[in-house]
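Residue numbers (the working numbering): 429 to 767.
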Ligand code: CUA
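Structure representation (structure tokens):
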């Protein structure tokens, strides 16, 4: 039998560990955390990953070392020697994993407890999921299609749904929470990095599921306070700029693309509701002026039902979840761009 050396064993282990470490470190598996909770989860992730990398290196080293040094000679069909066991090794491979698993459990439990704490004065935002859009209700009782949050202040999200089960997820915030009809689930987030992140529905909820997206905008405190104050004093649109940009954002953020086809907006190819490319014709058929017809169709979707479609499918809440200015901007935009 050929015999290896401790040096050979160590070299194999170092090589295996180095390769696995490169895979873990140089491939961006997770986005950079943008909240304190995500930072803690990131810590648990790397704590567990480093332990796993160490165990992987040890296992691969012993396995490859044994394959190289203890393989049977060609033509050797004899049985290996009977081995009963090795008490010392068995104690080692029981105690070390037990310590590591306990450490992972303790670290996870601490992070879980910390991530549930909202402090004494959190900003409370109600999150409502609905096929296929998100709405965010602030302490002023108004609904907004975009989640705006001040940086470094704990936020308690009270998450619910109106129709089926959805799930709230911002990858940079790391946590997911189900939005269930008739139930309020809480999620605490303390954003610690300004920027704009995707709000994603991560529970299959129907045909428009993949388009059920919004944005979470983390702003510095003065910018947030300015925005919030401005929405209190006047029903101005939450987005800056005007005209097409605002209307396009409203169209996307309210989930219209999921159900309606509308050529001027990329990705608006839904077929659950009627196409919006021939609204002039539809208004004429309903005997109404174009602007009034479009506004009615948004605010009271069941007033006129297009041929071949069902009442009760489109949410009847847009009249309360959008401000009058927003509705007018959207109506004007649709009127200008339809045929
Ligand atoms: Cu809502 Cu998927």
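From the three backbone atoms N, C-alpha and C, an ideal C-beta is built for every residue, glycine too. Keep in mind that this is a model prediction, so the values were computed, not measured.
Hey, could you find the ends of the alpha helix (DSSP H) residue 441 is sitting in? Within the chain shown, the letter at position 13 stands for residue 441. It spans 434-454 - the alpha helix (DSSP H) in which residue 441 sits, taken as one unbroken run.
Residues bridged to residue 564 by DSSP? Here residue 564 refers to the residue found at position 136 when the chain shown is read from its first residue. Answer is 555 and 572, bridged to residue 564.
Assuming the contact rule is C-beta atoms closer than 8 angstroms, residue 625 and residue 466 should be a hit. Round their C-beta distance to whole Å, please. For the purposes of this step, residue 625 is taken as the residue at position 197 of the chain shown. For the purposes of this step, residue 466 is taken as the residue at position 38 of the chain shown. That pair is no contact at about 10 angstroms.
Quick check: is any heavy atom of the ligand CUA less than 8 angstroms from the C-beta of residue 698? Here residue 698 is taken as the residue at index 270 of the chain shown, counted from 1. No, the Cβ of residue 698 stays beyond 8 angstroms of every heavy atom of the ligand CUA.
What do you reckon, is the C-beta of residue 695 under 8 angstroms from a heavy atom of the ligand CUA? Along the chain shown, one-based indexing puts residue 695 at 267. For the ligand CUA, not one heavy atom lies less than 8 angstroms from the Cβ of residue 695.
Give me the DSSP bridge partner(s) of residue 588. What you label residue 588 is simply residue 160 of the chain shown in a count that begins at 1. According to DSSP, residue 588 bridges with 556.
Contact between the region 588-603 and the region 551-558 (3+ Cβ pairs under 8 angstroms): yes
Mind listing, in chain order, the continuous alpha helix (DSSP H) runs of no fewer than 4 residues lying wholly within the region 587-633? none
Under the DSSP definition of a beta bridge, which residues are partnered with residue 578? Locating residue 578 in the chain shown gives position 150, counting from the first residue. DSSP output for residue 578 lists 647 as bridge partner(s).
Check each candidate in 679, 576 and 490 and name the one with the smallest Cα separation from residue 445. Taking the chain shown and counting its residues from 1, one reaches residue 445 at position 17. Closest option to residue 445, Cα to Cα, is 490.
What's the gap between the Cα of residue 664 and the Cα of residue 729? By 1-based counting over the chain shown, the position of residue 664 is 236. By 1-based counting over the chain shown, the position of residue 729 is 301. With a pLDDT of 43 at residue 664, under the threshold of 50, the modelled position of this residue cannot be trusted, and the question is left open.
Give the C-beta separation of residue 700 and residue 740 to the nearest angstrom, bearing in mind that I take them to be a contact with Cβ-Cβ under 8 angstroms. For the purposes of this step, residue 700 is taken as residue 272 along the chain shown, with counting starting at 1. For the purposes of this step, residue 740 is taken as residue 312 along the chain shown, with counting starting at 1. That pair is no contact at about 12 angstroms.
Measure the alpha-carbon distance for residue 746 versus residue 470 and round it to whole angstroms. Position 318 of the chain shown, counted from the first residue, corresponds to residue 746. Position 42 of the chain shown, counted from the first residue, corresponds to residue 470. Whole-angstrom Cα-Cα distance: 38 angstroms.
Straight-line gap, residue 566 to residue 581 (C-alpha atoms, nearest Å): Looking up residue 566 in the chain shown gives position 138. Looking up residue 581 in the chain shown gives position 153. Their Cα atoms are separated by approximately 15 angstroms.
Cα-Cα separation between residue 545 and residue 576, rounded to whole angstroms: As a first step, residue 545 must be located in the chain shown, where it is residue number 117. As a first step, residue 576 must be located in the chain shown, where it is residue number 148. Going from the Cα of residue 545 to the Cα of residue 576 covers about 20 angstroms.
Just checking residue 559 against the ligand CUA - is the residue's beta carbon closer than 8 angstroms to any of the ligand's heavy atoms? Here residue 559 refers to the residue found at position 131 of the chain shown. True, at least one ligand heavy atom lies under 8 angstroms from that Cβ.
If you run the structure through DSSP and keep just helix, strand and coil, what is residue 499? On the chain shown, position 71 is the one that residue 499 refers to. Coil.
Just to check, is the beta-carbon of residue 585 closer than 8 angstroms to a non-hydrogen atom of the ligand CUA? Working through the chain shown from its first residue, we reach residue 585 at position 157. Because no heavy atom of the ligand CUA lies under 8 angstroms away, the Cβ of residue 585 does not count as near it: no.
Distance, residue 761 Cα to residue 451 Cα: The sequence position of residue 451 within the chain shown is 23, counting from 1. The sequence position of residue 761 within the chain shown is 333, counting from 1. Rounded to whole angstroms, residue 451 to residue 761 spans 48 angstroms at the Cα level.
Output the distance between the C-alpha atoms of residue 640 and residue 686, rounded to the nearest integer angstrom. Taking the chain shown and counting its residues from 1, one reaches residue 640 at position 212. Taking the chain shown and counting its residues from 1, one reaches residue 686 at position 258. Rounded to the nearest angstrom, the two C-alpha atoms are 7 angstroms apart.
Would you identify the three-state DSSP class for residue 670, choosing helix, strand or coil? Sequence index remark: in the chain shown, residue 670 carries index 242 (1-based). Summary for residue 670: the model assigns pLDDT 47, below 50, so the residue's position carries little reliability; its value from the coordinates is reported in the next sentence. It is coil, neither helix nor strand.
Does any heavy atom of the ligand CUA sit closer than 8 angstroms to the C-beta of residue 450? The count along the chain shown starts at 1 and reaches residue 450 at position 22. No, the Cβ of residue 450 stays beyond 8 angstroms of every heavy atom of the ligand CUA.
Return the Cβ separation of residue 642 and residue 681 in integer angstroms, given the expectation that the two are a contact with Cβ distance under 8 angstroms. As a position in the chain shown, residue 642 is number 214, starting the count at 1. As a position in the chain shown, residue 681 is number 253, starting the count at 1. Sure, about 5 angstroms apart at Cβ, within 8 angstroms.
Once the 5 residues before and after residue 610 are set aside, which same chain residues still bring their CB inside 7 angstroms of it? Residue mapping note: residue 610 aligns to position 182 of the chain shown, counting from 1. Closer than 7 angstroms at Cβ, skipping near neighbours: no residue.
Cβ of residue 595 within 8 angstroms of any heavy atom in the ligand CUA? Residue numbering aside, residue 595 sits at position 167 when the chain shown is read from its first letter. Under cutoff, so the answer is yes.
Output yes or no for whether 9 angstroms exceeds the beta carbon distance between residue 727 and residue 755. One-based indexing of the chain shown puts residue 727 at position 299. One-based indexing of the chain shown puts residue 755 at position 327. In this structure, residue 755 lies closer than 9 angstroms to residue 727 by Cβ.
Quick check on this structure: which residue in 547, 659 and 480 has the alpha carbon closest to the alpha carbon of residue 528? In the chain shown, counting from the first residue as 1, residue 528 sits at position 100. Per the Cα distances, 480.
Assess contact between the region 645-659 and the region 613-632, defined as three or more Cβ pairs (one per stretch) separated by less than 8 angstroms. Is contact present? yes
Under the rule that 16 or more other beta-carbon atoms within 10 Å means buried, what is residue 498, buried or exposed? Residue numbering aside, residue 498 sits at position 70 when the chain shown is read from its first letter. So residue 498 counts as exposed.
Three-state secondary structure (DSSP) at residue 480? What you label residue 480 is simply residue 52 of the chain shown in a count that begins at 1. Of the three classes helix, strand and coil, the one that applies to residue 480 here is helix, per DSSP.
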